[in-house]
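Start counting the sequence shown at 1; every next residue gets the next number (UniProt numbering).
Here a beta-carbon is modelled for each residue, glycine too, at the ideal position from N, C-alpha and C.
These numbers were taken from a predicted model, which means no experiment stands behind them.
What follows is a set of notes on a single structure, which appears directly below.
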Amino acid sequence: MAKLINKKQLSRIVLKGFKSIAECNLELTQLNILIGCNGAGKSNFISFFRMVQEILDGHLQVFVSRQGGPDTILHFGRKTTEQLEIELYFGNNRYLATLEPTQDNRLMFSKESFGWRSSGNSIMQTQALIGSGNFETQAFKGTGTKKDKDILSTMQQWRVYHFHDTSDSAYVKQAAPINDNIYLRPDARNLAAFLYLLKNNYSQSYQQIVKTIRLVAPFFGDFLLRPSPHNNDVIELEWFEQGQDMPFKAHLLSDGTLRFICLATVFLQPTALQPETILVDEPELGLHPYAITILASLMRNISREKQVIVSTQSVELLNEFSADDVIVVDRKDGRSLLRRLHEDDLQEWLEDYSLGELWKKNIIGGRPSK
Numbered sequence: 001m002a003k004l005i006n007k008k009q010l011s012r013i014v015l016k017g018f019k020s021i022a023e024c025n026l027e028l029t030q031l032n033i034l035i036g037c038n039g040a041g042k043s044n045f046i047s048f049f050r051m052v053q054e055i056l057d058g059h060l061q062v063f064v065s066r067q068g069g070p071d072t073i074l075h076f077g078r079k080t081t082e083q084l085e086i087e088l089y090f091g092n093n094r095y096l097a098t099l100e101p102t103q104d105n106r107l108m109f110s111k112e113s114f115g116w117r118s119s120g121n122s123i124m125q126t127q128a129l130i131g132s133g134n135f136e137t138q139a140f141k142g143t144g145t146k147k148d149k150d151i152l153s154t155m156q157q158w159r160v161y162h163f164h165d166t167s168d169s170a171y172v173k174q175a176a177p178i179n180d181n182i183y184l185r186p187d188a189r190n191l192a193a194f195l196y197l198l199k200n201n202y203s204q205s206y207q208q209i210v211k212t213i214r215l216v217a218p219f220f221g222d223f224l225l226r227p228s229p230h231n232n233d234v235i236e237l238e239w240f241e242q243g244q245d246m247p248f249k250a251h252l253l254s255d256g257t258l259r260f261i262c263l264a265t266v267f268l269q270p271t272a273l274q275p276e277t278i279l280v281d282e283p284e285l286g287l288h289p290y291a292i293t294i295l296a297s298l299m300r301n302i303s304r305e306k307q308v309i310v311s312t313q314s315v316e317l318l319n320e321f322s323a324d325d326v327i328v329v330d331r332k333d334g335r336s337l338l339r340r341l342h343e344d345d346l347q348e349w350l351e352d353y354s355l356g357e358l359w360k361k362n363i364i365g366g367r368p369s370k
C-alpha cells in the first residue's frame, strides 16, 4: 500500500450525512481506487470534493442551489439528516465544519473550526472556532497560525477532473482564452492553452505527454499549438497525424483518444503545476485495455509524490493495482458503505485469482445486491 509520505495530504476523512453517505470514516493513502456497482456512491464521494472546492471559492450557496437545495445534499433530506458533518485530517491537523439547512433552502455553517495537536500526542490539544451562523466559509480569516494556512493551501490544490463530455459541443473542442493556463480545468476546456504553456515553458513534460499519447495512438504526430490566426487572444486544439503536415481539429480525434490526451496531461504535467490531490471519476471511459494499462502506470508514478483518488468500474484498471490500494463501495439500506481492502486478508485468494476476478465473483463486494 502506498503510505502517505506528505503530511499535508488528506490522511483521513470523516463524513456524516452527505447524499448517500450517511456515515464514513476512511483512511486515505497516496493511491485510492474506488470500486462499486452503479449507484453505490462512488461519484457522491468524489462530488464531496467538488463541494469543498466551491466552499473555498465562496460559492457554497451557488453549489447548493445548483444541486437542487439542501435536501438533495443531506442524506435523505433534512427529515432524516439534521446536519452535515465534515472532518478532514491532514496528519496532526484537521478542518471541521457542521452545516445545517435553513427554512429558505440554504446551508448554514453552524460550526467551522481548525484543530491540531502536537506530534506524537494522540489527544487533539487545540480546536479553534472560526465561524458560526455564516453562509460562506470563514476559514480564510484564520486562527493566526501557520497550520490553518497550510491546510487551506492543500485543500485549494485539490483538483476534481471529469472528461465525460467529448461531444461536438464539448468545451475541450472549442476555442479558449490563450492566457487561461494557470491549471488544467476540470473538464479540460483550456487544454490547448495549457499545452501551449507546457510546450513553451516545460518542454520535457510536454514531450513526455506527446510520447505517451503515441503509445496509445501510434498515428498521432504532435499538437499544433498557436494563437488563432483570426484572434491572437484565443487558441484551439489542433494536431498532426504522423508523417502529415495538414493540421486536424479536435473533433477528428476519437472520444477515447481525446480522453486519454486529457488524462496524460493531468498525470504528466510538470511537478511545479501538479495538484496536491488528483481526483478522477471513471477515467477508463472509452479507453482500449492497453490504454488502461498505460493510464494505471501514470497513476502509480504520480502517486509517489501526490495523492490520487479515482473511481472506476473497470476490471482491467482494478487488476493493475494491489488490494491495499482499493476502497470498496457497497450500498445497503440506502447507505453507501466505504471500506478499504487489506492484501493480507486476501492472500490465499490472490494466489489463484486476480483482483478483478475476485470482484466479479463478489468475493470482495462492490457488486449489486438486494
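| Query | Result |
| --- | --- |
| When 132, 150, 186 are compared against residue 53, the one with the closest alpha-carbon | 186 |
| Residue span of the alpha helix (DSSP H) that contains residue 299, given as start and end | 289 to 302 |
| Contacting residues, own chain, Cβ-Cβ under 8 Å from residue 62 (five flanking each side not counted) | 54 |
| Segment contact flag, the region 36 to 44 with the region 323 to 341, C-beta cutoff 8 Å, min 3 pairs | yes |
| Neighbourhood of residue 151 by C-beta distance below 7 Å, restricted to the same chain and skipping five residues each side | 90, 93, 95, 114 |
| Pick from 87, 79, 73 that is closest to residue 107, judged by C-alpha positions | 73 |
| Beta-carbon proximity list for residue 267, same chain, < 6 Å, skipping 5 on both sides | 298, 302 |
| Test item: CB-CB of residue 83 and residue 17 under 8 Å | yes |
| Which listed residue (311, 275, 58, 132) has its alpha carbon closest to that of residue 10 | 275 |
| Whole-angstrom C-beta distance between residue 26 and residue 13, which should lie under 8 Å | 5 Å |
| Residue 321 versus residue 233: straight-line alpha-carbon distance, rounded | 43 Å |
| Sequence-distant residues of its chain with Cβ nearer than 6 Å to residue 20 (five each side left out) | 41, 44, 336 |
| Paired residues, beta bridge with residue 314 - DSSP | According to DSSP, which records beta bridges pairwise, residue 314 is partnered with nothing at all. |
| Residues that DSSP places opposite residue 277 in a beta bridge | 158, 307 |
| Cα-Cα separation between residue 369 and residue 190, rounded to whole angstroms | 41 Å |
| Minimum C-alpha distance to residue 312 - residue among 281, 333, 341, 305 | 281 |
| Beta-carbon proximity check, residue 141 vs residue 251, cutoff 8 Å | no |
| Buried or exposed by the 16-neighbour rule on C-beta atoms within 10 Å, applied to residue 200 | exposed |
| Proximal residues to residue 264 (C-beta, below 6 Å), its chain only, five neighbours per side dropped | 209, 212, 213 |
| Where residue 1 sits in the DSSP three-state scheme | Here the model assigns residue 1 a pLDDT of 48, short of 50, so the residue's position is not dependable, and the following value carries that caveat. Note: residue 1 maps to coil in three-state DSSP. |
| Sequence-distant residues of its chain with Cβ nearer than 8 Å to residue 218 (five each side left out) | 242 |
| Whether residue 366 touches residue 144 by CB criterion (8 Å) | no |
| DSSP-derived helix/strand/coil call for residue 184 | coil |
| Within the region 196 to 273, ranges of the alpha helix (DSSP H) (whole runs, at least 4 residues) | 203 to 216, 255 to 268 |
| Cβ-Cβ distance between residue 160 and residue 339 below 8 Å | no |
| Contained beta strand (DSSP E) runs [length at least 3] in the region 323 to 360, N- to C-terminal order | 326 to 332, 335 to 340 |
| Nearest to residue 304 (by Cα), restricted to the options 352, 271, 294, 333 | 271 |
| Whole-angstrom C-beta distance between residue 255 and residue 221, which should lie under 8 Å | In fact, because the Cβ distance is near 20 Å, the residues do not count as touching under 8 Å. |
| Residue nearest to residue 100 in terms of C-alpha spacing, selected from 249, 127, 134, 87 | 134 |
| Start and end residues, alpha helix (DSSP H) containing residue 61 | 60 to 67 |
| Beta-carbon proximity check, residue 183 vs residue 273, cutoff 8 Å | yes |
| Which residues DSSP lists as bridging residue 177, in chain order | 234 |
| Residue 314 to residue 357 span [Cα, whole Å] | 11 Å |
| Environment of residue 351 [buried if 16+ CB atoms lie within 10 Å] | exposed |
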